[in-house]
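Asks: Before I ask anything, here is the structure I am working with.
There are 2 protein chains.
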Amino acid sequence: MSQATQDVNPNVSVDCAVFGFDNEKLNVLLIEQKMSDKEKVQFALPGDLILDDEGLDGAASRVLKDLTGLSGIFLRQFKAFGDPNRVSDIKDLEFLNSYRSNPQARVITVAYLALVKMDDFKPEASSFAENVFWQDVHTVPSLAFDHNKILNQALDRLRDDFVNHRTGFELLPELFTLGHIQKLYEIILDKELDKRNFRKKILKEKLVKATNQKQTGVLHKPAVLYTLNHEVL
Amino acid sequence: MSQATQDVNPNVSVDCAVFGFDNEKLNVLLIEQKMSDKEKVQFALPGDLILDDEGLDGAASRVLKDLTGLSGIFLRQFKAFGDPNRVSDIKDLEFLNSYRSNPQARVITVAYLALVKMDDFKPEASSFAENVFWQDVHTVPSLAFDHNKILNQALDRLRDDFVNHRTGFELLPELFTLGHIQKLYEIILDKELDKRNFRKKILKEKLVKATNQKQTGVLHKPAVLYTLNHEVL
DNA sequence: CAAACTTAGTGTATTTTTTACACTTGCAAT
DNA sequence: ATTGCAAGTGTAAAAAATACACTAAGTTTG
Chain A
-9 MSQATQDVNP NVSVDCAVFG FDNEKLNVLL IEQKMSDKEK VQFALPGDLI LDDEGLDGAA
51 SRVLKDLTGL SGIFLRQFKA FGDPNRVSDI KDLEFLNSYR SNPQARVITV AYLALVKMDD
111 FKPEASSFAE NVFWQDVHTV PSLAFDHNKI LNQALDRLRD DFVNHRTGFE LLPELFTLGH
171 IQKLYEIILD KELDKRNFRK KILKEKLVKA TNQKQTGVLH KPAVLYTLNH EVL
Chain B
-9 MSQATQDVNP NVSVDCAVFG FDNEKLNVLL IEQKMSDKEK VQFALPGDLI LDDEGLDGAA
51 SRVLKDLTGL SGIFLRQFKA FGDPNRVSDI KDLEFLNSYR SNPQARVITV AYLALVKMDD
111 FKPEASSFAE NVFWQDVHTV PSLAFDHNKI LNQALDRLRD DFVNHRTGFE LLPELFTLGH
171 IQKLYEIILD KELDKRNFRK KILKEKLVKA TNQKQTGVLH KPAVLYTLNH EVL
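Residue numbers (my numbering), protein chains in the order written: chain A, -9 to 223; chain B, -9 to 223.
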């Protein structure tokens, strides 16, 4: 019978692709990892080894919080990555040598995905993250390990979920307009949508309902404000 | 720098849900695991720890072959399972005690899915599998670890892939009838489909093409035989 | 206060896709 | 010649997807 410990499991990690929406563009949360040689810099998705007594989902939440301070984010597992050569770059090895007790252990990682409103979360770097920041997904730099690959697959999955209306509304403020939703979709899917058809479809889903309030202070015709229709969920 | 070894990784396993189609029903490949106490019997999906120098996909293929003799099967990863209490049953522990050098290590498993023609594969038990057999998915017994859960999720995924016509044709013989395809779909999805509508849809997909041959020796009107349309892939 | 600007809001016709549904055909066995 | 059996076929109706253009209601500017 295994006992509860705080020991890390040297072979399994989690990585989190947390996407942030700022009403303008889609960003992903990256960390800058401390390298022993301070001249060098390495960017990565937040990720670390799991503890021996925690589940994968719990590990993902904990690691995200440890590195970036963010908590209360719904993370969904989407794929495990286990190529034995996924860690091979010289910088990757240098990083592991300074931060892991068993740096040459073979690690398979379980990747998680989330999407949040950037305004709701102000990341603060801690642990081996020297810096945390939101990066526009169109201009992601070269990342540690196989993190560019993980990120691309996360983005594919995120878009697929949007197309099938499985996610997205949670990104909106308490009160929002149909224009807001459409813009959200357009930014995530990276393409324009027809206004009338989009509205028809969204309203048919019955996931939102109109309030009797309208926008104020906008320099154009004020839009009706909607809320999530929780009865349907 | 890690060197190539044959060492097992004590923390990561793969499990394979291999579904077999026999033109009548959908089966899943199970093993009977050797228990130290020969009175006891335990059924499971084929699965084992990965080696430290192999990838996940490769591990799944190897493990399947080691336990059942089956090779050349296309296995797709579908989910990692890592609940720290996924191994808790007394029988599970007993099994691990006799077959693993580090029986109380915490193991996360990466689950794989495949679908094959049963006729093409004759499983033969080896390694710690005492017996290997095809089991109708409607009458699956209680399995080791969290394998019932893994199996159910595999089946959900398989059906989802069928609904979206992402898989299935590879199950058919070289020459087949539209009736064969329909029966395949009906068995996998476990429901009846309308003949005329099904044909329309399949033919529109253009994944198959008619030959100028017909069935012979059947005690009813012979059907036109079709082949896969490889140009479309 | 009129004009300009900006996004909200709305309807229809067309095409495509999905669904429901029943009878005749060709072979083999008797 | 009859029977049993799956093959094969068409159409109408409903639902979903697509394309498309103008008016409305605010704010700002001159």
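Where a beta carbon is used, it is the ideal one built from N, C-alpha and C, also for glycine.
Give a yes or no on whether the minimum CB-CB distance between residue 22 of chain B and chain A is below 8 Å.
Replies: no
Asks: What's the C-alpha gap between residue 69 of chain A and residue 27 of chain A?
Replies: 32 Å
Asks: If contact is defined by three or more beta carbon pairs under 8 Å, each pair taking one atom from either stretch, is the stretch 30 to 46 of chain A in contact with the stretch 79 to 95 of chain A?
Replies: At 8 Å Cβ cutoff, the stretches touch.
Asks: Under 8 Å, with one C-beta from each stretch per pair, do the stretch 92 to 108 of chain B and the stretch 9 to 16 of chain B reach the 3-pair mark?
Replies: yes
Asks: In chain B, what lies closer than 7 Å to residue 46 of chain A by C-beta?
Replies: The answer, in chain order, is 70, 72 and 98.
Asks: When the Cα atoms are used, what is the spatial distance from residue 51 of chain B to residue 219 of chain A?
Replies: 47 Å
Asks: Check whether the Cβ atoms of residue 72 of chain A and residue 46 of chain B sit closer than 8 Å, and answer yes or no.
Replies: yes
Asks: Could you tell me if residue 3 of chain A is buried or exposed, where buried requires 16 or more neighbouring beta carbons within 10 angstroms of its beta carbon?
Replies: buried
Asks: Let me know the secondary structure DSSP gives residue 200 of chain B once reduced to three states.
Replies: strand
Asks: Any idea if residue -7 of chain A is buried or exposed, counting beta-carbon neighbours within 10 angstroms, 16 or more meaning buried?
Replies: Because the pLDDT of residue -7 of chain A is 47, which lies under 50, any placement of that residue in the model is unreliable, and the question is left without a value.
Asks: Would the stretch 174 to 181 of chain B and the stretch 153 to 160 of chain B be scored as touching if the rule is three or more Cβ pairs under 8 Å?
Replies: yes
Asks: Given a cut-off of 8 Å, decide if residue -1 of chain B and residue 41 of chain B are closer than it, judged by their beta-carbon atoms.
Replies: Contact: yes.
Asks: For residue 159 of chain B, which three-state DSSP category applies?
Replies: helix
Asks: Using a threshold of 8 Å, state whether the C-beta atoms of residue 5 of chain A and residue 101 of chain A are closer than that.
Replies: Yes, they are a contact pair.
Asks: Could you give the distance in angstroms between the alpha-carbon of residue 7 of chain B and the alpha-carbon of residue 120 of chain B?
Replies: 18 Å
Asks: What separation, rounded to the nearest whole angstrom, lies between the Cα atoms of residue 56 of chain B and residue 98 of chain B?
Replies: Residue 56 of chain B and residue 98 of chain B have their C-alpha atoms some 20 Å from each other.
Asks: Check this for me: beta carbons of residue 192 of chain A and residue 152 of chain A, under 8 Å apart or not?
Replies: no
Asks: Could you compute how far the alpha carbon of residue 207 of chain B sits from the alpha carbon of residue 36 of chain B?
Replies: Linking residue 207 of chain B to residue 36 of chain B through their CA atoms gives a straight-line distance of about 39 Å.
Asks: Are there 16 or more other CB atoms within 10 angstroms of the CB of residue 154 of chain B, so buried, or fewer, so exposed?
Replies: exposed
Asks: Nearest to residue 78 of chain B by alpha carbon, out of B:166, B:115, B:136 and B:214?
Replies: Per the Cα distances, B:136.
Asks: Is residue 195 of chain A buried or exposed, if buried means 16 or more other CB atoms sit within 10 Å of its CB?
Replies: exposed
Asks: So is residue 1 of chain B in contact with chain A if we call contact Cβ pairs under 8 Å?
Replies: Chain A, which has a Cβ nearer than 8 Å to the Cβ of residue 1 of chain B, makes this yes.
Asks: Mind checking the stretch 26 to 59 of chain B against chain A and listing, in chain order, the residues whose C-beta falls within less than 7 Å of any C-beta there?
Replies: 42, 43, 44, 45 and 46
Asks: I think residue 34 of chain B touches residue 144 of chain B, with their Cβ atoms under 8 Å apart; what is that distance to the nearest whole Å?
Replies: Not a contact, Cβ separation roughly 14 Å.
Asks: What did DSSP end up calling residue -8 of chain B once you bin it into helix, strand or coil?
Replies: With a pLDDT of 42 at residue -8 of chain B, under the threshold of 50, the modelled position of that residue is not reliable, and no figure is offered here.
Asks: Could you tell me the alpha carbon to alpha carbon distance between residue 64 of chain A and residue 53 of chain A, rounded to whole angstroms?
Replies: 13 Å
Asks: What is the DSSP secondary structure of residue 143 of chain A, counted as helix, strand or coil?
Replies: Shown here, residue 143 of chain A sits in a helix according to DSSP, grouped into three states.
Asks: According to DSSP, simplified to helix, strand and coil, what is residue 78 of chain A?
Replies: Note: residue 78 of chain A maps to coil in three-state DSSP.
Asks: For chain A, find out if any of its Cβ atoms is closer than 8 Å to the Cβ of residue 230 of chain B; answer yes or no.
Replies: The requested residue 230 of chain B is not part of the displayed model; chain B covers only -9 to 223.
Asks: Distance check for residue -4 of chain A and residue 43 of chain A, CA to CA, integer angstroms please.
Replies: 7 Å
Asks: Roughly how many angstroms lie between the CA atoms of residue 1 of chain B and residue 89 of chain B, to the nearest whole one?
Replies: Straight-line Cα distance between these residues: approximately 14 Å.
Asks: Nearest CA to the CA of residue 186 of chain A: which residue from A:201, A:169, A:150 and A:19?
Replies: A:169
Asks: Classify residue 39 of chain B as buried or exposed, calling it buried when 16 or more other Cβ atoms lie within 10 Å of its own Cβ.
Replies: buried
Asks: Determine the chain A residues that contact residue -4 of chain B at a beta-carbon separation under 9 Å, and present them in chain order.
Replies: Residues of chain A passing the Cβ test: none, with the nearest at roughly 13 Å.
Asks: If you draw a straight line from the alpha carbon of residue 140 of chain B to that of residue 117 of chain B, how long is it in whole angstroms?
Replies: Cα-Cα distance, rounded: 22 Å.
Asks: Using a Cβ-Cβ distance under 8 Å, would residue 67 of chain B count as near chain A?
Replies: yes
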